[in-house]
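Asks:
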Amino acid sequence: MSAWLEITDLHANVGDKPILKGLSLSINAGEVHVIMGPNGSGKSTLSNVLCGDPRYEVTAGAVAFKGRDLLTMNVEERARAGIFLAFQNPIEIPGVSMSTFMKYALNAKRKAAGLKEYDAVSFMKHIKIRAQALEITDEMLKRPVNVGFSGGEKKRLETFQMAVLEPDFCILDEMDSGLDVDAVKVAGNGVKIMRSPERSFLVISHNIGFLHEQIRPDYVHILVNGRVVENGGAELLDEVRANGFARFQKGTAA
Amino acid sequence: MAEHLEKADELMLKPNETRVVVETALAENTAVVVGDDAHLVHYRLSDGANNALTVKLGKNASYDLVTVHLGSGKLSVYADLAGEGCFCRSDAVYALNGDERAEIKTDFRHNADKTTSRQLVKGAVGGRAKAVFDGGILIPYNKKAIDGAQQHRALLLSKTAEVKAVPKLEIYADDVKCAHGSAIGTLNKDQLFYLQTRGIDEAQARRILTAAFLNEVLDTMRIPELRDEWGRLIGLKNDD
Ligand SMILES: Nc1ncnc2c1ncn2[C@@H]1O[C@H](COP(=O)(O)OP(=O)(O)OP(=O)(O)O)[C@@H](O)[C@H]1O
Ligand SMILES: [Mg+2]
């Protein structure tokens, strides 16, 4: 039996340049995984490839998600199947407000699941509760998506989108970076509230304090030069804190 | 309150008058005169029409035009900024598909001191359709404190769509602020991807981004129901 999410020997390029070079990883339902690795090792690339980002070409390997071949699905099918990425660098969409955006997204997802689309009232109810929990104001919901927001506010809005769409598999790419101490706690709480036996997380961060205190992962993976080179538990965080990535980088130079 | 007119060939505002006029069918020629200190807000929907509009503005008059242009046709706006201190705005949206051909022409003449003009023209062109934007600003010799701005931006929704922009700026005076620009491009791939990662399918993502692009023009309209209705018509056009 393969795992809930099973990544096997994944290779991906940008143009002719290989970035993921035989990456394997398995994640089961309900688990919280962390990926750490040096800048440029391929963490964001992995996140984007799992979402189907057309800038990357998968040249070898397989990804199975809940028994389906993820790599043959298009971007929106993956999203509707439950994959969500909180982007390291969220994209600005001038002219589209966050609440309109979420209404389209939520209803697209409901429709695909054979559910009735939300009307204005039930939609507002759905987002109000989540906005309050994540300290997102009405004004932020009315503004165009990510336009003119501070780095930290954008990250909070990514977490908000995750709370609204309730995905099964949440990839958080440096969601804590740029957040002030209080906002880190709010974001961490968002993850805590959403933890469930049916939902898994893949958390990418350079902040060991955040990972230890807020995320409390079940598993930690070290990604170096496009491959997972070490799998372990939370104790790996302490090793990285004490010694950096030096031990894992031996013999993996490009 | 807005008045609805059909195929008006004349629209005269006496000094100090203020009117809001909505036209949903256009005559071939329309002459507008906005008297001294008069103010006209003019919203026009052109569904495949040909129309030549001439506007004359008096002292401290203002003219605020938004045109929505669907389908084939030739539209031109000739504005004579004749009165000192007058303000003329002409914003437009065009949406074409299939084999449609459209031409949007403006010719703004700053014939008095302290006159201001604004033009924002945005288009979305699909299918094998073609649009030409021909935008002109003339600032004669010795005119003072002139402020003109012209922006044209177009989205090509298919590989076979075409847009041509021919800005014509003739500036013979020194005391002038005049900004202009034209950009023709396609939908932003990163934005499309971002919307799709939230479960929105590609066709709808394209629709959302196209509407957002064109809404910059419609959002200045002061009649929200009209803005929404015309927004919907544009959306249907871009969908084909
Ligand atoms: N679209 C792209 N075009 C060109 N190069 C890219 C692209 N995406 C990623 N790369 C390159 O691939 C490598 C991995 O980048 P990636 O963003 O995945 O790193 P990362 O592990 O997320 O780093 P960080 O910790 O700095 O966020 C880098 O060398 C990067 O420059
Ligand atoms: Mg990264």
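Chains as they are written, first to last, in my numbering: chain A, 2 to 255; chain B, 200 to 439.
No residue lacks a Cβ here, since even glycine has one placed at the ideal position from N, Cα and C.
Can you pull the chain A neighbours of B/R352, defined as C-beta to C-beta under 9 angstroms?
Replies: Near B/R352 there are no residues of chain A at all, since even the closest Cβ is about 12 angstroms away, more than 9 angstroms.
Asks: Buried or exposed for A/D239, going by 16 or more other Cβ atoms inside 10 Å?
Replies: exposed
Asks: Rounded to the nearest angstrom, how far is the Cβ of A/E214 from that of A/N147, given a contact under 8 angstroms?
Replies: About 28 angstroms separates the two Cβ atoms, so there is no contact after all.
Asks: How about B/D389: is its Cβ closer than 8 angstroms to a heavy atom in ligand 4?
Replies: Ligand 4 is not part of this structure, which contains only ligand 1 and ligand 2.
Asks: Do A/T46 and ligand 1 come close, with the Cβ less than 8 angstroms from some heavy atom?
Replies: yes
Asks: Evaluate A/A247 with the Cβ neighbour count: other Cβ atoms within 10 Å of its Cβ, from every protein chain shown; 16 or more gives buried, anything less gives exposed.
Replies: exposed
Asks: Contact criterion: CB-CB distance below 9 angstroms. Does A/R157 meet it with respect to chain B?
Replies: A/R157 does not count as touching chain B.
Asks: Would you mind stating whether A/L219 and A/E7 have Cβ atoms separated by less than 9 angstroms?
Replies: Checking the sequence, you will find Asp at residue 219 of chain A rather than Leu. Not in contact: A/D219 and A/E7 (Cβ atoms no closer than 9 angstroms).
Asks: What's the C-alpha gap between B/L355 and B/A404?
Replies: 15 angstroms
Asks: Let me confirm a value: B/A378 is counted as buried when at least 16 other C-beta atoms fall within 10 Å, else exposed. Which label applies?
Replies: exposed
Asks: Please classify B/T315: does DSSP put it in a helix, a strand, or coil?
Replies: strand
Asks: Going by the C-beta, is A/H207 closer than 8 angstroms to any heavy atom of ligand 1?
Replies: At least one heavy atom of ligand 1 is nearer than 8 angstroms to the Cβ of A/H207, so yes.
Asks: Would you mind reading off the limits of the alpha helix (DSSP H) that contains A/N49?
Replies: K44 to C52
Asks: Output, in sequence order along the chain, the residues in the region 397-419 of chain B whose CB is closer than 9 angstroms to any CB in chain A.
Replies: Residues of the region 397-419 of chain B with a C-beta atom less than 9 angstroms from some C-beta of chain A are R397, G398, I399, D400, E401, Q403, A404, I407, L408, A410, A411, F412, L413, N414, E415 and D418, listed in chain order.
Asks: Kindly list the residues whose CB is nearer than 7 angstroms to the CB of B/A207, restricted to its own chain and excluding five residues on each side of it in sequence; keep chain order.
Replies: E222, A226 and T229
Asks: If contact means a Cβ-Cβ distance below 7 angstroms, which residues of the region 64-89 of chain A contact chain B?
Replies: If the cut-off is 7 angstroms between Cβ atoms, the region 64-89 of chain A has V76, E77, A80, R81 and L86 near chain B.
Asks: I'd like the list of long-range same chain contacts for A/F66, defined as Cβ closer than 6 angstroms, with 5 residues on each side in sequence excluded.
Replies: Once the five neighbours on either side are set aside, the close Cβ partners of A/F66 are L6.
Asks: Tell me which residues share the same chain as A/M157 and place their Cβ nearer than 8 angstroms to its Cβ, disregarding the 5 neighbours each side in the sequence.
Replies: The sequence given here places Arg at residue 157 of chain A; Met does not occur at that position. The residues are L135, E136, I137, L180, A184, V187 and A188.
Asks: Just the chain A side, please: which residues come within less than 8 angstroms of B/D389 by C-beta, in chain order?
Replies: I92
Asks: Return yes when at least one heavy atom of ligand 1 lies under 8 angstroms from the C-beta of B/Q395, else no.
Replies: no
Asks: Could you pull out every residue in the same chain whose Cβ sits closer than 6 angstroms to the Cβ of A/R200, ignoring the five residues on either side in sequence?
Replies: Excluding residues within five positions, the ones whose Cβ falls inside 6 angstroms are D169.
Asks: For A/L284, does the count of other Cβ atoms within 10 angstroms reach 16, so buried, or fall short, so exposed?
Replies: Shown here, chain A extends from 2 to 255; a query on residue 284 of chain A therefore has no answer.
Asks: Would you say A/D21 and A/L47 are within 9 angstroms of each other, going by their C-beta atoms?
Replies: Before going on, a small fix: residue 21 of chain A reads as Leu here, not Asp. Yes; because the gap between Cβ atoms is below 9 angstroms, this pair is in contact.
Asks: How far does the beta strand (DSSP E) with A/P19 in it extend, from its first residue to its last?
Replies: K18 to I28
Asks: For B/L355, write down the residues that DSSP places opposite it in a beta bridge.
Replies: In DSSP, B/L355 forms a bridge with B/V324.
Asks: Using a Cβ-based criterion (distance less than 8 angstroms to any ligand heavy atom), does A/D174 qualify as near ligand 1?
Replies: yes
Asks: Whose Cβ in chain B lies nearer than 8 angstroms to the Cβ of A/A113?
Replies: G398
Asks: Please check the pair B/S271 and B/A278, which I expect to be a contact at CB under 8 angstroms, by giving their CB distance rounded to whole angstroms.
Replies: 24 angstroms between Cβ atoms; not a contact.
Asks: If you count every other CB in all the chains shown that lies within 10 Å of the CB of B/Q395, and 16 or more means buried, which is it?
Replies: buried
Asks: Would the beta-carbon of A/V241 fall within 9 angstroms of that of A/I216?
Replies: For A/V241 and A/I216, no; Cβs fall outside 9 angstroms.
Asks: Residues in the region 47-60 of chain A with C-beta within 9 angstroms of chain B's C-beta atoms, listed in sequence order?
Replies: N49, C52, G53, D54, P55 and R56
Asks: Give a yes or no on whether the minimum CB-CB distance between A/K143 and chain B is below 9 angstroms.
Replies: no
Asks: Considering only residues of the region 145-170 of chain A, which uninterrupted alpha helix (DSSP H) runs meet the minimum length of 4 residues and lie entirely inside it, listed in chain order?
Replies: Scanning the region 145-170 of chain A for uninterrupted alpha helix (DSSP H) segments of 4 residues or longer gives 152-166, listed from N- to C-terminal end.
Asks: Touch check for the region 81-97 of chain A and the region 384-401 of chain B: three-plus C-beta pairs under 8 angstroms?
Replies: Yes: at least three Cβ pairs fall under 8 angstroms.
Asks: Name the chain B residues that come within less than 8 angstroms of A/L166, Cβ to Cβ?
Replies: Per Cβ cutoff of 8 angstroms: R397 and G398.
Asks: Residues in the same chain with beta-carbon distance under 8 angstroms from B/P214, minus the five sequence neighbours each way, listed in chain order, please.
Replies: G234, D235, D236, A237 and G257
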